[in-house]
Structure formats: C-alpha cells, structure tokens
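Below: the structure, in structure tokens.
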Ligand code: NI
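In this note's numbering, the protein residues as written are 25 to 491.
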C-alpha cells in the first residue's frame with residue numbers, strides 16, 4: 025500500500041472535487057493519507073476530514089509562517105484534540121527563514137513549545153525546514169526531539185544533512201522534488217537505508233515533474249515511488265512496502281513483523297541463510313541497524329533449517345515471476361555449505377536460476393576448494409571483495425581469519441571464474457576502497473566481471489544514538 029504521509033486536503037484547491045481526487049488516489053494504490061495542519065483553521069479542517077473519511081488521518085500543529093497565532097487558548101485546543109484516535113502527529117512545525125513570515129525568535133519559541141507537546145503526548149513530529157537547517161537541528165537536539173521522532177518533511181539537503189536527520193531517529197520525507205530535472209535529491213535518495221524514508225506529496229503543492237504548474241494530489245505519490253524505485257534499482261512495490269513499514273512503525277506503533285527466511289525483492293527471491301559472518305566490514309549495517317530491508321524483518325534468531333528455507337521459498341514462489349533465487353543473508357552462506365547445497369537441490373525444481381552471494385572465504389572456511397560443489401547447483405556467484413589490496417581488505421572487511429583471507433578470496437574468485445558459474449565480483453563505493461584499482465585487479469582474472477555497488481548510510485531512523 026502507498027501512503028501519502030503529507031497532504032493538505034483541507035485546502036480550497038480540493039473543495040470542488042474531493043471525492044474524485046480520493047477515487048484517483050485509491051486507484052493509484054494510496055490507502056492512507058495524513059493531512060497536516062498548519063494554522064488554527066486548518067487544524068479543525070483536518071480533524072473534520074479524519075472524522076469523515078476512513079483513509080484519512082490528522083497531524084496538528086502551527087507552521088512557522090503562522091507562529092504569531094500561537095496562544096494559550098490554541099495550545100489547550102490542540103492538547104484536547106491530541107486525545108483523538110486519528111490524530112497521529114504534531115505538525116507541521118519548524119522554521120522557515122526563506123519567507124520569514126513570522127519573526128525568527130517567535131518561530132523558534134513556538135517550534136520549541138510544540139516539540140515539548142509532542143514529547144508530553146508521545147507523538148512524532150513533522151518538521152518543516154526552509155533555509156534554517158542548522159537552527160532546526162540545534163533546536164531538535166536541545167528539545168530532545170529524538171525522544172518522539174517523526175518525519176523531516178520535504179527534505180532538500182545533501183548527504184551530510186541526511187546523516188544528521190537519521191542520527192536523530194527521524195524519517196526522511198520524499199516527494200515531488202525527487203522528480204525535478206536539476207534536483208540533488210536522487211544522489212542522496214539512492215544511499216538512504218530502506219528503513220529511513222516515507223513518501224509524501226505536500227499536495228496541493230510540489231507536484232511531480234509530469235504535473236509541474238498544476239495541482240498536486242495524493243495519487244501522484246505513486247510517481248514519486250516509481251522514481252525512487254528507478255534510482256535505487258528496485259521495484260515500485262519494494263519502495264511501497266518499505267515506506268509503509270516505516271510509516272506504520274513511526275505513526276501507528278506497529279511492531280516488527282515475523283522474521284523473513286525468504287523474501288521477494290527486485291523480482292528475485294532472497295534466502296536469509298545466516299546472520300553469522302567471518303568478516304566485520306566497516307560499512308556493514310548488521311550490527312548497526314534494525315536489519316530491516318524494504319519492509320522485511322531479517323533479524324534471524326537462529327540459522328533456519330533446510331526444511332524452513334525450502335518452505336519459505338515455496339511460499340514466496342507462487343504466484344510470481346522471479347528472475348533468480350539468491351542465497352544470501354547478513355552473514356556468510358558458505359559457512360553452511362551442506363545446508364545451502366541441500367536447499368539448492370530442493371528449490372532447483374522451480375526452474376529459477378540460483379545465485380550465491382558470498383564474501384569469497386568459502387574455501388578457507390571449509391578447508392577445501394568448494395567451487396565444484398557450488399557449481400553443481402548455482403548458475404552464478406556474486407563475491408564482495410571491497411578492496412584493491414590486502415591492507416585495505418584488512419581495514420575495510422576486518423576478516424576473522426586475518427591476513428590470509430584476502431589471498432583466499434582471490435583464489436576463490438579464480439576458481440569460480442574458471443567454473444561453469446557466472447562470476448561477478450563487487451565493490452562498494454566506500455571512501456577507503458580504490459574502485460579503479462579493484463576493477464583492474466578483478467579484470468586481470470579471466471572470466472571475472474566487476475560491478476560497483478552503492479553503499480548506504482549506516483545510521484537508521486528509529487535507531488537514534490541518543491535514544
Ligand atoms: Ni506541507
């Protein structure tokens with residue numbers, strides 16, 4: 025389901041044809057709309073909409089443009105309304121130094137007060153920030169906004185700013201500007217952890233490129249999802265699943281779903297083989313995030329049995345049109361060689377090519393050349409190398425088995441590249457990795473192909489350091 029996490033359906037632009045707008049939203053797969061208040065009148069209007077329409081919810085707050093409207097009477101009114109079931113958040117609140125419609129000291133004071141209310145009522149907040157990023161972050165820290173979390177709406181910063189927002193445990197709101205030709209957002213959006221974003225329109229404002237100059241509406245959130253899927257190399261349904269989980273956890277107090285042993289993503293089926301690894305890579309999110317991937321909970325409590333893996337694949341295969349079944353996990357699958365071979369033998373019958381994702385230490389782990397045993401079942405192997413030399417491998421991948429690991433990985437690559445398996449070697453564009461030197465090293469091995477992968481931010485919303 026798609027969720028529009030930021031709409032203003034109370035505005036006059038929707039007065040003439042609201043039922044038609046909602047019908048188009050439903051047809052586009054939008055199942056929930058959070059209307060966000062901004063001034064005293066809009067607060068009552070968003071409440072009325074939430075009362076009338078099952079798919080609509082309300083956020084209540086005073087926008088920095090209207091900060092001078094704040095008074096004790098309004099505060100009491102908002103506090104009363106916070107007790108309603110469909111009021112999910114405090115927003116939109118923040119600072120706007122671009123239009124400066126209210127004096128800055130009053131904007132700051134009203135922002136602080138509303139963060140205080142959010143903490144008092146245990147509600148997340150929805151931040152509006154325009155040309156005020158340093159002050160917004162400073163106030164969020166001073167007022168302990170990380171205790172309530174929320175969305176940084178219409179995020180427009182770079183990687184540095186995104187990192188600061190994620191560290192405070194906030195989700196990043198992505199809307200129409202992602203589709204604009206000169207937007208810097210795609211570069212940031214492709215590196216965000218899948219557990220860190222939600223989708224929004226800000227309608228009637230900020231329509232996606234295809235509707236520039238026209239009224240925006242909730243149905244167009246699907247165009248944002250489509251663009252984000254394209255940027256991240258996944259499917260629209262993957263983006264929708266991730267954004268929905270992120271929203272539900274933040275605003276509806278949803279608990280983690282069951283652990284996924286097999287899951288569909290990018291039109292592949294992935295098998296979560298193990299969580300134990302023989303590396304401790306500097307970029308790895310295994311020990312530094314919630315281990316949720318595109319809405320799937322991948323926190324294995326124990327390695328799944330062959331029967332469990334086979335059953336999980338069976339459940340995901342039908343109905344579906346899948347490209348590959350990928351054996352992977354946050355850990356190293358070749359540490360379970362017998363189990364992956366038995367599972368592979370059983371899922372082979374679906375006629376979907378099998379791929380193994382590995383750190384390439386399988387020969388070292390199993391103390392023999394396991395490539396022939398893998399080639400019996402797997403069509404392809406994807407090996408993460410992430411280093412141009414032994415020294416870099418030691419500092420970036422931190423192998424448990426020490427110095428000999430790098431040479432063992434290269435030996436494994438040589439054997440795999442010479443086998444019947446398609447052999448892809450990957451490196452993340454992590455700061456310490458010399459990609460061109462790594463490429464040259466890989467391409468010196470006959471049959472080995474090289475691919476660069478984008479590394480994601482390690483900090484994840486809901487995992488704030490200060491919590
Ligand atoms: Ni807005």
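Virtual Cβ for every residue (Gly too), placed ideally from N, Cα, C. What you are looking at is a predicted structure, and each value in this text was computed from that prediction instead of being measured.
(request) Using only alpha-carbon positions, find the residue among 34, 382 and 121 that is nearest to residue 68. (result) Residue numbering aside, residue 68 sits at position 44 when the chain shown is read from its first letter. Measuring from the Cα of residue 68, the nearest candidate turns out to be 34.
(request) Report, in whole angstroms, the separation of the C-beta atoms of residue 292 and residue 346, which I expect to be a contact under 8 Å. (result) One-based indexing of the chain shown puts residue 292 at position 268. One-based indexing of the chain shown puts residue 346 at position 322. Right, the Cβ-Cβ distance comes to about 6 Å (below 8 Å), so this counts as a contact.
(message) Going by DSSP in three states, residue 25 sits in which element: helix, strand or coil?
(response) For the purposes of this step, residue 25 is taken as the residue at position 1 of the chain shown. If DSSP states are grouped into helix, strand and coil, residue 25 belongs with coil.
(message) Measuring alpha carbon to alpha carbon, tell me which residue in 449, 142 and 355 is nearest residue 105.
(response) Here residue 105 is taken as the residue at index 81 of the chain shown, counted from 1. Measuring from the Cα of residue 105, the nearest candidate turns out to be 142.
(message) Between which two residues does the alpha helix (DSSP H) holding residue 66 run?
(response) Here residue 66 corresponds to residue number 42 of the chain shown, with the count starting at 1. Residues 64 to 76.
(request) Confirm, please, whether the CB-CB distance from residue 441 to residue 517 is below 8 Å. (result) Past the boundaries of the shown model lies residue 517; the chain is included only from 25 to 491, so the question cannot be answered.
(request) From the DSSP output, read off the bridge partner residues of residue 449. (result) In the chain shown, counting from the first residue as 1, residue 449 sits at position 425. Paired residues: 407 and 474.
(request) Taking residue 434 as part of the alpha helix (DSSP H), name the residues at either end of that continuous run. (result) Against the chain shown, residue 434 aligns to sequence position 410. Element bounds for residue 434: 428 to 442.
(request) Run the proximity test for residue 226: is its beta-carbon closer than 7 Å to any non-hydrogen atom belonging to the ligand NI? (result) Along the chain shown, read from residue 1 onward, the residue named residue 226 stands at position 202. Result yes, Cβ under 7 Å from the ligand NI.
(request) Inspect the beta-carbon positions of residue 93 and residue 133 and report whether they are closer than 8 Å. (result) For the purposes of this step, residue 93 is identified with residue 69 of the chain shown, where counting begins at 1. For the purposes of this step, residue 133 is identified with residue 109 of the chain shown, where counting begins at 1. Result no, Cβ atoms of residue 93 and residue 133 do not sit closer than 8 Å.
(message) Quick check on the burial criterion: 16 or more other C-beta atoms within 10 angstroms. Buried or exposed for residue 173?
(response) As a working mapping, residue 173 is identified with position 149 in the chain shown. Buried: at least 16 other Cβ atoms inside 10 Å.
(request) Compare the C-alpha of residue 167 against each of 213, 192 and 139 and name the closest. (result) Within the chain shown, residue 167 is the residue found at index 143, counting from 1. Selected option, being the one with the closest Cα: 139.
(request) Quick one: residues in its chain with C-beta nearer than 7 Å to the C-beta of residue 122, no 5 flanking neighbours on either side, listed in chain order? (result) Mapped onto the chain shown, residue 122 falls at position 98. Closer than 7 Å at Cβ, skipping near neighbours: 154 and 155.
(request) Could you check the C-alpha separation between residue 448 and residue 384 for me, to the nearest Å? (result) One-based indexing of the chain shown puts residue 448 at position 424. One-based indexing of the chain shown puts residue 384 at position 360. Their backbone Cα atoms lie some 11 Å apart in a straight line.
(request) Keeping to the same chain, check which residues put their C-beta closer than 8 Å to that of residue 332; ignore five residues upstream and five downstream. (result) Here residue 332 is taken as the residue at index 308 of the chain shown, counted from 1. Excluding positions up to five away in sequence, the list reads 285.
(request) Using DSSP bridges, identify the partner residues of residue 56. (result) Position 32 of the chain shown, counted from the first residue, corresponds to residue 56. According to DSSP, which records beta bridges pairwise, residue 56 is partnered with 27.
(message) Just verifying my parser: in three-state terms, what is the DSSP assignment at residue 277?
(response) For the purposes of this step, residue 277 is identified with residue 253 of the chain shown, where counting begins at 1. In this structure, residue 277 counts as coil in the three-state DSSP scheme.
(request) Inspect the beta-carbon positions of residue 37 and residue 228 and report whether they are closer than 8 Å. (result) Here residue 37 refers to the residue found at position 13 of the chain shown. Here residue 228 refers to the residue found at position 204 of the chain shown. Result yes, Cβ atoms of residue 37 and residue 228 sit closer than 8 Å.
(request) Give the C-beta separation of residue 358 and residue 386 to the nearest angstrom, bearing in mind that I take them to be a contact with Cβ-Cβ under 8 Å. (result) If you number the chain shown from 1, residue 358 lands on position 334. If you number the chain shown from 1, residue 386 lands on position 362. Confirmed, Cβ separation roughly 3 Å.
(message) Using C-beta distances below 8 Å, list every residue in its chain close to residue 372, excluding the 5 sequence neighbours before and after it, in chain order.
(response) Position 348 of the chain shown holds residue 372. Answer for residue 372: 378 and 401, listed in chain order.
(request) Can you tell me which of 46, 54 and 317 puts its alpha carbon nearest to the alpha carbon of residue 25? (result) Position 1 of the chain shown holds residue 25. Of the listed residues, the one whose Cα sits closest to residue 25 is 54.
(request) Can you give me the Cβ contacts of residue 467 inside the same chain, cut-off strictly under 7 Å, excluding the 5 residues immediately before and after it? (result) The count along the chain shown starts at 1 and reaches residue 467 at position 443. Closer than 7 Å at the Cβ level, and outside the excluded window around residue 467, lie 474.
(message) Using a 10 Å radius around the Cβ and a threshold of 16 neighbouring Cβ atoms, would you call residue 273 buried or exposed?
(response) Position 249 of the chain shown holds residue 273. Looking at its Cβ environment, which holds 16 or more other Cβ atoms inside 10 Å, residue 273 is buried.
(message) Taking only three categories from DSSP, how would you classify residue 32?
(response) Residue 32 sits at position 8 when you count from the first residue of the chain shown. In the structure shown, residue 32 sits in coil (DSSP, three-state: anything other than H, G, I, E or B).
(message) Considering only DSSP beta bridges, list what residue 381 is partnered with.
(response) Along the chain shown, one-based indexing puts residue 381 at 357. Paired residues: 406.
(message) For residue 222 and residue 388, I'd like the C-alpha separation in whole angstroms.
(response) If you number the chain shown from 1, residue 222 lands on position 198. If you number the chain shown from 1, residue 388 lands on position 364. Taking the straight line from one Cα to the other gives about 42 Å.
(request) Identify whether residue 480 lies in helix, strand or coil by the three-state DSSP scheme. (result) By 1-based counting over the chain shown, the position of residue 480 is 456. It is coil, neither helix nor strand.
(message) For a quick check, are the C-beta atoms of residue 160 and residue 115 less than 8 Å apart?
(response) If you number the chain shown from 1, residue 160 lands on position 136. If you number the chain shown from 1, residue 115 lands on position 91. Not closer than 8 Å, so no.
(message) Suppose contacts are defined by Cβ-Cβ distances below 8 Å. Is residue 158 in contact with residue 120 by that definition?
(response) For the purposes of this step, residue 158 is taken as the residue at position 134 of the chain shown. For the purposes of this step, residue 120 is taken as the residue at position 96 of the chain shown. It is not a contact, given that the beta carbons lie outside the stated cut-off.
(message) Between which residues of its own chain and residue 337 is the CB-CB distance below 7 Å, once the five residues before and five after are set aside?
(response) Taking the chain shown and counting its residues from 1, one reaches residue 337 at position 313. These residues qualify, in order along the chain: 286, 293, 295, 349 and 371.
(request) Could you say if the region 402 to 412 and the region 455 to 466 meet the contact criterion of at least three C-beta pairs nearer than 8 Å? (result) yes
(message) What residue range does the alpha helix (DSSP H) around residue 338 cover?
(response) Reading the chain shown from its first residue, position 314 is the one you call residue 338. Start and end: 330 to 341.
(message) Using the three-state DSSP reduction, which class does residue 288 fall into: helix, strand or coil?
(response) Position 264 of the chain shown, counting from 1, holds the residue named residue 288. It is a strand residue.
(request) Please say whether residue 198 and residue 248 have beta carbons closer to each other than 8 Å? (result) As a position in the chain shown, residue 248 is number 224, starting the count at 1. As a position in the chain shown, residue 198 is number 174, starting the count at 1. Their beta carbons are under 8 Å apart, which means residue 248 touches residue 198 by this criterion.
(message) Less than 8 Å between the C-beta atoms of residue 46 and residue 83, yes or no?
(response) The residue given as residue 46 occupies position 22 in the chain shown. The residue given as residue 83 occupies position 59 in the chain shown. Contact: no.
(message) Less than 7 Å separating the Cβ of residue 114 from some heavy atom of the ligand NI?
(response) Taking the first residue of the chain shown as position 1, residue 114 is located at position 90. Flag unset: Cβ of residue 114 not near the ligand NI.
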